[in-house]
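A.B. asks: One gets this note's numbering by counting positions in the sequence shown from 1 and adding 1 to each.
Here a beta-carbon is modelled for each residue, glycine too, at the ideal position from N, C-alpha and C.
Since the model is a prediction, treat every value here as computed from it, not as a measurement.
Submitted below is the structure of interest, expressed as structure tokens.
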Amino acid sequence: MKGTTEIELFGQRLMLLSERAVFWKQTKMLIVADPHFGKAQVFRDSGIPIPGGTTAADIGRLSSLMERLQPDELLVLGDLMLGRIAGGRNFSATVDTWRRRWSGIHLTLVTGNHDLRAGPPPAPFKFDRIVAQHVCGPFVFRHKAQTTNSRSRYTIAGHVHPAVFVSGKGHQRETLPCFCFGEKGGLLPAFGSFTGNQVVRPEPSDRVYVVAGDEVVEIT
Numbered sequence: 002m003k004g005t006t007e008i009e010l011f012g013q014r015l016m017l018l019s020e021r022a023v024f025w026k027q028t029k030m031l032i033v034a035d036p037h038f039g040k041a042q043v044f045r046d047s048g049i050p051i052p053g054g055t056t057a058a059d060i061g062r063l064s065s066l067m068e069r070l071q072p073d074e075l076l077v078l079g080d081l082m083l084g085r086i087a088g089g090r091n092f093s094a095t096v097d098t099w100r101r102r103w104s105g106i107h108l109t110l111v112t113g114n115h116d117l118r119a120g121p122p123p124a125p126f127k128f129d130r131i132v133a134q135h136v137c138g139p140f141v142f143r144h145k146a147q148t149t150n151s152r153s154r155y156t157i158a159g160h161v162h163p164a165v166f167v168s169g170k171g172h173q174r175e176t177l178p179c180f181c182f183g184e185k186g187g188l189l190p191a192f193g194s195f196t197g198n199q200v201v202r203p204e205p206s207d208r209v210y211v212v213a214g215d216e217v218v219e220i221t
């Protein structure tokens with residue numbers, strides 16, 4: 002499938018998507034981290050003139066993924082919202098329309114640091130479950146990475162918004178969001194388009210996959 006790279010992890014098949022998401026094939030679970038929905042609105046509510054439209058575009062991108070993959074569950078690894086939105090009728094209407102379209106999908110939210118500050122998620126999302134972590138099969142899904150000594154469990158997290166420097170043949174240098182899978186845990190890039198990235202320094206044994214436009218490419 003265009004825009005994807007498939008990997009095997011603990012005997013499971015994971016599709017790394019150029020939309021900065023993961024699809025776990027065996028369970029039909031779509032996983033995103035750090036959407037930061039409403040971030041531009043929070044800035045505008047604080048008097049900072051930020052253009053609108055990013056949240057609607059991100060929800061549209063999420064809906065397109067769901068159309069393509071037909072997941073049974075959507076798992077959000079924290080930071081659904083940046084903060085409370087004052088008013089937010091347009092936002093609520095957008096989410097309500099999206100949720101009605103996907104009323105048969107099970108929604109799970111793993112709470113992140115911004116979620117704790119923002120309070121309960123907006124009602125139109127209608128999450129089926131809100132948890133501190135989600136254990137499923139060999140994976141422990143969290144917002145912040147946590148080292149575990151378990152040989153049978155592998156942590157997958159967000160929060161960091163991982164990225165790496167990539168140099169081209171013409172000595173140009175870019176910072177690209179990435180998926181990073183180490184010995185004991187993995188990091189997913191931020192799904193939200195209005196988010197910053199943090200450059201990480203992978204270990205030599207880590208598997209790193211950068212999102213370059215509509216491609217997911219493994220790098221060394």
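In the DSSP output, which residue or residues are listed as bridge partners for R225?
C.D. replies: This structure cannot speak to residue 225, because the chain is shown only from 2 to 221.
A.B. asks: Taking the continuous alpha helix (DSSP H) assigned at T156, which residues delimit it?
C.D. replies: Counting along the chain, T156 falls outside any alpha helix (DSSP H), though it belongs to the beta strand (DSSP E) covering Y155 to A158.
A.B. asks: How about V132 and T148: are their beta carbons less than 8 Å apart?
C.D. replies: For V132 and T148, no; Cβs fall outside 8 Å.
A.B. asks: With DSSP as the reference, label I106 as helix, strand or coil.
C.D. replies: Coil at I106, not helix or strand.
A.B. asks: Can you tell me whether DSSP reads R152 as helix, strand or coil?
C.D. replies: Residue state, collapsed to three classes: coil.
A.B. asks: Taking the Cβ atom as the reference point for each residue, do Y155 and L10 lie within a distance shorter than 8 Å?
C.D. replies: Contact flag set, yes.
A.B. asks: Measure the Cβ-Cβ separation of P1 and R14 and say whether it is below 8 Å.
C.D. replies: The requested residue 1 does not occur in the structure, where the chain is confined to residues 2 to 221.
A.B. asks: Helix, strand or coil for E68 per DSSP?
C.D. replies: Helix.
A.B. asks: Roughly how many angstroms lie between the CA atoms of T6 and E216, to the nearest whole one?
C.D. replies: Rounded to whole angstroms, T6 to E216 spans 8 Å at the Cα level.
A.B. asks: Using the C-alpha atoms, what's the distance from R130 back to A164?
C.D. replies: Their Cα atoms are separated by approximately 30 Å.
A.B. asks: Have a look at R69 and R174 and give me their C-alpha separation to the nearest angstrom.
C.D. replies: Cα-Cα distance, rounded: 33 Å.
A.B. asks: What's the gap between the Cα of S93 and the Cα of E204?
C.D. replies: If I take the Cα positions, the gap works out to 42 Å.
A.B. asks: I'd like the list of long-range same chain contacts for I60, defined as Cβ closer than 8 Å, with 5 residues on each side in sequence excluded.
C.D. replies: Around I60: F38, T95, V96 and W99.
A.B. asks: Could you check which residue in W25, L81, M82 and R62 has the C-alpha nearest to that of D73?
C.D. replies: Of the listed residues, the one whose Cα sits closest to D73 is W25.
A.B. asks: What number of angstroms, rounded off, separates the C-alpha of A33 from the C-alpha of D116?
C.D. replies: Note that residue 33 corresponds to Val in the displayed sequence, not to Ala. In a straight line, the C-alpha of V33 is about 15 Å away from that of D116.
A.B. asks: Just to confirm my understanding: we take L17, look at its own chain, exclude 5 residues before and 5 after, and list those with CB closer than 8 Å. What are they?
C.D. replies: Counting only Cβ-Cβ distances below 8 Å, and skipping sequence neighbours, we find T5, T6, E7, I8, V23, F180, Y210 and V217.
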